[in-house]
Amino acid sequence: MVLQLRGDVDPGEKRKFLPPTSRNNPKFEELQKVLMDWINAELLPEHIVVRSLEEDIFDGLILHHLFQKLSGLKLDVEEIALTAASQRRKLTAVLESVGQSLQVEEPQAKWSVESIFSKDLLATLHLLVALAKRFQPDLPLPTNVQVEVITMERTKSGLKSEKSVEQLTECGTDKDQPSKDVFDELFKLAPEKVNAVKEAIVKFVNQELDRLGLSVQNLDTQFADGVILLLLIGQLEGFFLHLKEFYLTPSSPAEMLHNVSLALELLKEEGLLSYPVNPEDIVNKDAKSTLRVLYSLFRKHKLKESTDGVPQRSPN
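Be aware that the sequence shown starts at 1, since it is given in full-length UniProt numbering, and climbs by one per residue.
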């Protein structure tokens, strides 16, 4: 695999890179086009044209003019910055104003002065998406844009790489997203009860998977590739899944994401997901998201069975 690297990775530093498959992702390309067209339309009166989000945003000039146009604020920064030091200084001032407007501080932001200045495309896109959501919420950004990224880290033993999936846009608009659900409350207000919920769901899941000769010990990790989740849904909902429809032994985050996305689509079709879940969160082993999905099945089958006092399905 050939990666587009920008400079060396320093000892102890972690840096994200986009493989060619991610760069060529149609939704990823569409996101860049929508953002670029938006910026160029906003800055047309100033005769500023952006041709590449990766190459044209880093020095703060475009961001300066775009943020002033969107926010109506006048920033006290140099108009023309020619040296690297003055460009970094200008970018720092602009991003500080952006952070205040978005009410996001750099440690929580998915971008930084360093990442934008080093032409990190992912960080640049996160920043522009945040600006669009704040100042142009009706901009038709493609939904659910996800890309596989490779994180490189230089350790004492050499370069270490790790694959992950990064979410750039949401599954839907903010108004479609409930602000919180039972699991938000559970994790926030009663974390001591989380393990009890997990134990109940593990017991329920293993009762179903026992018929397939499978078992689960760890909810947080064993559902990340989507395989057991698909088999469980098939068992409970009576679906027959052809092996051509999913990856039985997924070998990459993209294949895992395919499996999980298919599982969530099946649950949506059955009306079981009352709260939107990003498939990326399952792949990245987010405990709350995994519990939400499994609880949707538990609620329908185990709780219904307990209420009626009889099983809802014939034993296989």
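Every residue, glycine too, gets a C-beta built ideally from N, C-alpha and C. In this text, all values refer to a predicted model and were calculated from it rather than measured experimentally.
*Which runs of the alpha helix (DSSP H), 4 residues or longer, sit entirely within the UniProt domain "Calponin-homology (CH)" (195-302)?*
Runs found: 219-222, 227-237, 253-269 and 279-283.
_Three-pair Cβ contact test at 8 Å for the segment 224-238 versus the segment 189-203_ = Counting Cβ pairs under 8 Å, fewer than three are found: no touch.
*asked:* Please classify T124 as buried or exposed, where buried requires at least 16 neighbouring CB atoms within 10 angstroms.
replied: By the neighbour-count criterion, in which 16 or more other beta carbons inside 10 Å mark a residue as buried, T124 falls on the buried side.
*Rounded to a whole number of angstroms, what is the C-alpha to C-alpha distance between I233 and S289?*
Spanning the two alpha carbons is a distance of roughly 16 Å.
*Buried or exposed: where does V49 fall if 16 or more other Cβ atoms within 10 Å of its Cβ makes it buried?*
It is exposed - the Cβ of V49 has fewer than 16 other Cβ atoms within 10 Å.
*Would you check whether the ligand FAD has a heavy atom nearer than 8 Å to the C-beta of R23?*
In the structure shown, the ligand FAD is absent, as is every other ligand, since no ligand is present at all.
*Leaving out five residues before and five after W38 in sequence, what residues of the same chain have Cβ atoms less than 8 Å from its Cβ?*
Cβ neighbours of W38 beyond the five flanking positions: A132, Q136 and L139.
*At which residues does the alpha helix (DSSP H) containing K119 begin and terminate?*
Element bounds for K119: n/a, residue is neither H nor E.
*asked:* Can you tell me whether S101 is helix, strand or coil according to DSSP?
replied: S101 falls in the helix class under three-state DSSP.
*asked:* Count Cβ pairs between the segment 238-248 and the segment 204-218 that sit closer than 8 Å; are there 3 or more?
replied: Short answer: they don't touch.
*asked:* Taking 9 Å as the threshold (C-beta atoms), are V277 and R292 in contact?
replied: It is a contact, given that the beta carbons lie within the stated cut-off.
_Beta-carbon proximity list for K90, same chain, < 6 Å, skipping 5 on both sides_ = G60, V77, E78 and A81.
*Are V147 and L18 close, meaning C-beta to C-beta below 9 Å?*
V147 is a Cβ neighbour of L18, given a cutoff of 9 Å.
*Would you kindly work out how many angstroms separate the C-alpha atoms of I282 and S164, rounded to a whole number?*
Going by the C-alpha atoms only, they are around 12 Å apart.
_On a Cα-Cα basis, can you pick out the residue from K302, L66, A84 and P142 that is closest to A95?_
Here residue 95 is Leu; the residue named in the question, Ala, does not match the sequence. Per the Cα distances, L66.
*asked:* Can you give me the C-alpha to C-alpha distance between E270 and P20, rounded to a whole angstrom?
replied: Distance between the alpha carbons of E270 and P20: 36 Å.
_Please report the straight-line C-alpha distance between R6 and S118, rounded to a whole angstrom._
The pLDDT assigned to R6 is 47, lower than 50, so where the model puts this residue is not dependable, and the model offers no usable value.
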